[in-house]
Amino acid sequence: MTASDRTRELALAAAQAAADKKAQDIVIIDVADQLVITDAFLIASAPNERQVTAIVDAIEERLINLPEKAKPVRREGERAGRWVLLDYVDLVVHVQHTEEREFYALDRLWKDCPTIPFVDRDLVPAAPAPASAASASGSEASPAE
1 MTASDRTREL ALAAAQAAAD KKAQDIVIID VADQLVITDA FLIASAPNER QVTAIVDAIE
61 ERLINLPEKA KPVRREGERA GRWVLLDYVD LVVHVQHTEE REFYALDRLW KDCPTIPFVD
121 RDLVPAAPAP ASAASASGSE ASPAE
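Numbering-wise (UniProt numbering), the sequence shown opens with residue 1 and increments by one.
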């Protein structure tokens, strides 16, 4: 069994919120086949405690503003700002300081699990204008003739 559609929706929304705050190495791991207590982990990192906190706040804000609101049942690690965990039951978000991410290596621990693809929307190239629109605007652009 894989992560539910709702879990994927939450994970992708949370990942985009993290990316919007310049989180690094964002990975969504589908752990549904391995764990009974959750379906997916979102792991992201940041180089300092202030950015970890900003990423966590952005994720919480994005998920509470979804049409079907999501609020974490537990939030841990906020005081230190080195590794903050948000537990949404089906999704567990880990935002780690870069040093903690390297040390604990959750990615390696769960390397046998499939990942859920995520691409930051800001990194997707804009679609080129349709050819007919480009040629139409090109013909109007040279009235000097």
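The C-beta atom is built at its ideal place from N, Cα and C for all residues, glycine as well.
Between residue i and residue j, what straight-line distance do the alpha-carbon atoms span, to the nearest angstrom?
i    : j   : result
Y88  : M1  : 19 angstroms
I64  : D57 : 11 angstroms
D123 : V92 : Going by the sequence as given, residue 123 is Leu instead of Asp. Each residue's Cα considered, the two are about 25 angstroms apart.
A144 : E68 : Low confidence applies to A144: its pLDDT is 48, below 50, so where it sits in the model is not reliable enough to give any reading.
L106 : I28 : 11 angstroms
A23  : G77 : 17 angstroms
In this structure, does DSSP put residue i in helix, strand or coil?
i   : result
T2  : coil
V56 : helix
Q16 : helix
T7  : helix
Assuming residue i and residue j make a contact with CB atoms under 8 angstroms, what is their CB distance in whole Å?
i   : j   : result
A11 : A40 : 5 angstroms
L42 : A14 : 5 angstroms
L86 : I59 : 6 angstroms
H97 : R82 : 4 angstroms
For residue i, is the classification buried or exposed, using 16 other Cβ atoms within 10 angstroms of its Cβ as the cut-off for buried?
i    : result
D5   : exposed
Q16  : buried
Q51  : buried
R101 : buried
V73  : exposed
I55  : buried
I26  : buried
V119 : exposed
Candidates the options: which alpha carbon is nearest residue i's?
i    : options          : result
V31  : T7, T53 and Q51  : T7
N114 : Q34, D25 and A54 : Position check: residue 114 holds Pro in this sequence, whereas Asn was assumed. Selected option, being the one with the closest Cα: Q34.
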